[in-house]
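Please read the structure below before turning to the comments.
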Amino acid sequence: MNLRYTFKTAIRGLRTNKSRSWLTILGIVIGITAIMMVMSLGKGAQNLILKQIQSIGSKTIAVTPGRQPKGIMESLSVFTDSLKEKDLVALEKKENVPHLTKIMPVVFGSATAIFENKSSAVTIFGVTDLFAKIYDIYPAEGRLFTEEETKSNAEVVIIGSKIKDELFAQNEALNEKIKIKERNFKVIGLLGQKGQFSFVNFDSAVILPYTTAQRYIFGIKYFNRLVIEADSEENVTQTTEDIKTTLRNSHNITDPTKDDFFIETQASAMATVGTVMSVLTLFLAAVAAISLIVGGVGIMNIMLVSVTERTKEIGLRKAIGATEKDILIQFLLEAITLTAIGGIIGIILGASFSFLTSLILSKFYNLNWVFTFPFSAAFLGLGVSALVGLIFGLYPARRASQKSPIEALRYE
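Residue 2 is where the sequence shown starts when you use the numbering used here, and the numbers rise one by one after that.
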């Protein structure tokens, strides 16, 4: 019996019980759809984060207080008070860091902004006027605060579009005063819709001089971060080493393993993000793949029922000349066909849902999210689904092929 005829026979067997066949492949469809969505959205998230890191500039260096976290528990101790004014002064000295061109202290946290009888939960982002150039974010209306306003702890703020809508609606916001921590701050600038950028959602941000944020909002004398720009990409590595040396001298650290700060460049941040996102995506895909095993068990169960129901058919085919090999191949093809169809449907649904999700994130959440079709997941899905059909279809197929034709014909 040729393979083509065996395949046609297998398809006829599946068509005989259409409802059961569709229910059988449902587990495979769900598993492949989940894998496609996880890998597509994971890649989209990775691309979004990497683009944001790249947009900051390849010459940018971030200094963060605390030890570099190497696990979940260590990440809890990242935000410490190890970066202070004396460090800023030391780093600004040309003899310490020759290739440094700009340095910006950053403090951040959350608070509530109030205007008349309206309130809004906000992210406080204390910086210098350099933030506009570093992040390429400028007010759509109004102005930036000046260096003099930073030095004098001026009570001026630039607010995001969401805060403007929540506090002022359609009314004029410029030159009005909002209250934060019982102090009044004059609105001198309004941002357009910017969305999430790095670790800040600028639509919900209140941007003000870091000195003002330290003194009047947080009551601290340290920084949550220092953002530094080198004079060229070629000098980023040397600048990084100079920063480490300067901070170690400032903190009286002789053993590098005792550093109470860590430094990230664009290259290191991109490598870290890429590694974390890849591992996370693979982990979630592996979790989603468990449903394929469940689907495989379902296929084996249904195929065993099918073998029992078609005992007479098997006996008749054997009586007219079909070999054990023919019967084995027929039932294997049925199992593989079921999982292959499930795999194709899963790929189509997974890609469709991923595209729809990407569209929603782009249109409604103002994220620069680009849909990515995960070809590796598609090939993996087809391969795994076929393998599941082969593995879980083998036992029922062997049981069918080993039935005695005489006993099969007597079966009621």
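Beta carbons are placed, not taken as given, at the ideal position from N, Cα and C, and that holds for glycine.
Contact between the stretch 131-141 and the stretch 170-178 is absent: fewer than 3 CB-CB pairs across the two stretches fall below 8 Å. For Thr124, the closest C-alpha among the options Gly143, Glu149, Asp130 and Lys163 is that of Lys163. Within a 10 Å sphere around the beta-carbon of Val237 sit 16 or more other beta-carbons, which makes this residue buried. Using a C-beta cut-off of 8 Å, the stretch 355-368 makes no contact with the stretch 324-340, since fewer than three inter-stretch Cβ pairs fall below that distance. Ile181 is not a Cβ neighbour of Arg144, given a cutoff of 8 Å. Here Phe393 has Gly297, Val298, Ile300, Met301 and Ala336 as same chain residues with Cβ atoms under 7 Å from its own Cβ, once five neighbours each way along the sequence are excluded. In the DSSP annotation of this structure, Gly190 is not part of any alpha helix (DSSP H); the continuous beta strand (DSSP E) holding it starts and ends at Arg184 to Leu191. For Leu101, the enclosing beta strand (DSSP E) starts and ends at Leu101 to Phe116.
Fewer than three beta-carbon pairs drawn from the stretch 210-228 and the stretch 21-40 are found closer than 8 Å, and the two stretches are therefore not classed as touching. Under DSSP, Glu265 takes part in a beta bridge, and its partners are Ala63.
With respect to Phe224, Pro375 sits apart: the two C-beta atoms are not nearer than 8 Å. Apart from sequence neighbours up to five positions away, the residues of its chain that approach Gln403 with a beta-carbon distance below 8 Å are Glu325, ordered along the chain. Residue environment for Ser205: buried (at least 16 other C-beta atoms within 10 angstroms of its C-beta). Straight-line spacing of the CA atoms in Ala320 and Ser22 works out to 27 Å.
Excluding five sequence positions before and after Leu333, the CB atoms of its chain that fall closer than 6 Å to its own CB belong to Gly394 and Ala398, given in chain order. Burial check for Ile62: the Cβ neighbour count within 10 Å reaches 16 or more, so the residue is buried.
The residue among Asn185, Val385, Gly193 and Ile342 with its C-alpha nearest the C-alpha of Leu24 is Ile342.
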